[in-house]
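Scroll down for the structure; my scribbles are underneath it.
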DNA sequence: CTTGAACCTCTAGTCACTGTAGGTCCTATC
DNA sequence: GATAGGACCTACAGTGACTAGAGGTTCAAG
Ligand SMILES: [Zn+2]
Ligand SMILES: [Zn+2]
Ligand SMILES: [Zn+2]
Ligand SMILES: [Zn+2]
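What follows is the structure, given as structure tokens:
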């Protein structure tokens with residue numbers, strides 16, 4: 036039986052995060068000692084590891100919640116799980132593309148600046164006037 | 036004199052967002068009609084455009100706040116403004132790098148899956164066991 | 001039996017908004 | 001001058017995924 040602190044250490048999670056997962060129903064309510072402290076077993080360790088690994092791969096808690104349900108039905112087809120991963124991949128690729136636009140724009144304004152006074156700062160000029168930009172970056176900054 | 040709705044339209048901002056910027060002190064308190072409605076001039080339009088453009092380029096509101104102060108002192112050196120942009124560029128580049136790691140890992144697990152049952156789903160296997168991953172992705176999922 | 005590290009609950013804060021409820025104002029038309 | 005209705009007002013709650021703190025209790029070692 037593991038204390039919450041030990042479980043936290045084993046999974047690289049903060050104690051508060053584990054309690055937070057419990058309040059949102061992502062982790063089950065564990066056994067308690069007579070004094071009211073949480074005690075965890077192997078099943079909870081596995082589940083939390085799954086959650087944390089999903090987070091490290093950028094999945095939302097909602098996506099992880101769905102994946103956990105799917106993982107509990109071994110005989111089913113895995114198309115649903117795969118499509119969640121596909122969706123996640125697409126999100127990651129979209130974000131990379133949007134960030135690359137920003138990267139280009141930022142690089143350009145920094146390298147164009149002569150680093151003299153604010154009056155002729157290229158960085159501030161570009162910020163004041165989007166027409167100085169090469170790209171249409173509408174809802175990009177995320 | 037512009038109403039808040041017109042200002043919102045001109046800058047591609049939501050009305051609530053403008054009011055939010057006012058409460059956090061990023062936009063000044065504007066003139067009001069006798070009835071208490073906000074009325075804006077050119078200076079506010081320029082300022083809000085600057086803020087929105089900064090956001091589109093991924094700057095935080097804190098960074099934008101600093102940039103606005105700098106922009107108001109035209110005779111100063113622009114090193115500070117440039118270093119804020121540098122910092123932003125670095126953040127963007129770090130995020131791209133981290134996302135590319137995720138992209139690779141996700142692509143691999145999706146393409147390795149035969150898309151049969153949950154019992155042998157590659158996606159779920161990888162999620163259960165990080166040693167199936169190629170990379171050490173510690174605090175990457177962001 | 002005492003110490004003190006680890007645990008407990010509850011609340012509030014982060015970032016940058018977004019949405020809603022319930023009410024008021026402005027302006028155009030009649 | 002009256003009325004309609006769209007735009008405005010404030011105030012507050014919610015988002016995602018935690019994180020930090022206050023103030024109190026429990027557990028295990030010595
Ligand atoms: Zn400069
Ligand atoms: Zn631009
Ligand atoms: Zn699969
Ligand atoms: Zn991994």
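Protein chains in written order, with this note's numbering: chain F, 36 to 177; chain D, 36 to 177.
By construction, the Cβ of each residue, glycine as well, lies at the ideal position given by its N, Cα and C atoms.
About 7 Å separates the CB atoms of residue 138 of chain D and residue 131 of chain F; that is less than 8 Å, so the two are in contact. Apart from the 5 residues on each side of it in sequence, residue 94 of chain D sits with its Cβ closer than 8 Å to the Cβ of 102, 119, 123 in its chain, given in chain order. With a contact defined as Cβ atoms closer than 8 Å, residue 57 of chain F and residue 66 of chain F miss out at about 12 Å. Burial check for residue 59 of chain F: the Cβ neighbour count within 10 Å stays below 16, so the residue is exposed.
Contact annotation: the stretch 73 to 89 of chain D does not touch the stretch 107 to 119 of chain D, with fewer than three C-beta pairs closer than 8 Å. Restricting attention to D:151, D:129, D:100, D:54, the CA atom closest to the CA of residue 85 of chain D is found in D:100. With distances taken between CA atoms, residue 141 of chain D lies nearest to D:162 out of D:155, D:128, D:162, D:154. Following the DSSP letters along the chain, one finds residue 76 of chain F in no alpha helix (DSSP H), marked with neither H nor E.
Taking 7 Å as the cut-off, the C-beta of residue 72 of chain D does not count as close to any heavy atom of ligand 4. No residue range can be given for residue 59 of chain F, since it is assigned to no alpha helix (DSSP H) and is classified by DSSP as neither H nor E. The alpha-carbon separation between residue 38 of chain D and residue 171 of chain F amounts to approximately 27 Å.
Between residue 41 of chain D and residue 87 of chain D, the gap from beta carbon to beta carbon reaches 8 Å or more. Straight-line spacing of the CA atoms in residue 134 of chain F and residue 143 of chain F works out to 14 Å.
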